[in-house]
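The opening position of the sequence shown corresponds to residue 416 in the working numbering, with each subsequent residue numbered one higher.
Think of the CB as a built atom: it goes at the ideal place given N, C-alpha and C, for glycine as much as any other residue.
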Amino acid sequence: TRPGVAHRVIDEEELVCALPSDHPLARRGTVPLDVLAGEPFVSFPANSGSTVRDAMTEACESAGFTPRVVQEAPDS
Numbered sequence: 416t417r418p419g420v421a422h423r424v425i426d427e428e429e430l431v432c433a434l435p436s437d438h439p440l441a442r443r444g445t446v447p448l449d450v451l452a453g454e455p456f457v458s459f460p461a462n463s464g465s466t467v468r469d470a471m472t473e474a475c476e477s478a479g480f481t482p483r484v485v486q487e488a489p490d491s
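This is the structure in structure tokens:
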């Protein structure tokens, strides 16, 4: 944080994993993030300034892997 600048968290959102109904992980109630290592990801474009993309990437890296983004979908 820069001097003279303060911040406060006002809301938090969970990340959601969308899977085809026949995917082996789709039967689980919850999916630990590290289990998704190696799975293909669809996300917002990397250079779009999306905080969702940044949060997803950071969460995956904290879980020990870099997400394999196979398609980028802009916010519509």
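Helix, strand or coil for residue i? Go by DSSP, reduced to three states.
i, result
"V467", "helix"
"R442", "helix"
"S477", "helix"
Is the Cβ-Cβ distance between residue i and residue j less than 9 angstroms?
i, j, result
"A478", "A461", "no"
"P435", "F456", "no"
"P447", "S463", "no"
For residue i, which residues does DSSP report across the bridge?
i, result
"R483", "P455"
Using a Cβ-Cβ cutoff of less than 8 angstroms, which residues in the same chain neighbour residue i once the five nearest sequence positions on both sides are dropped?
i, result
"V485", "P455, F456 and V457"
Determine, using beta carbons only, whether residue i comes closer than 9 angstroms to chain D.
i, result
"V467", "Chain labels in this structure do not include chain D; a single protein chain is all it has."
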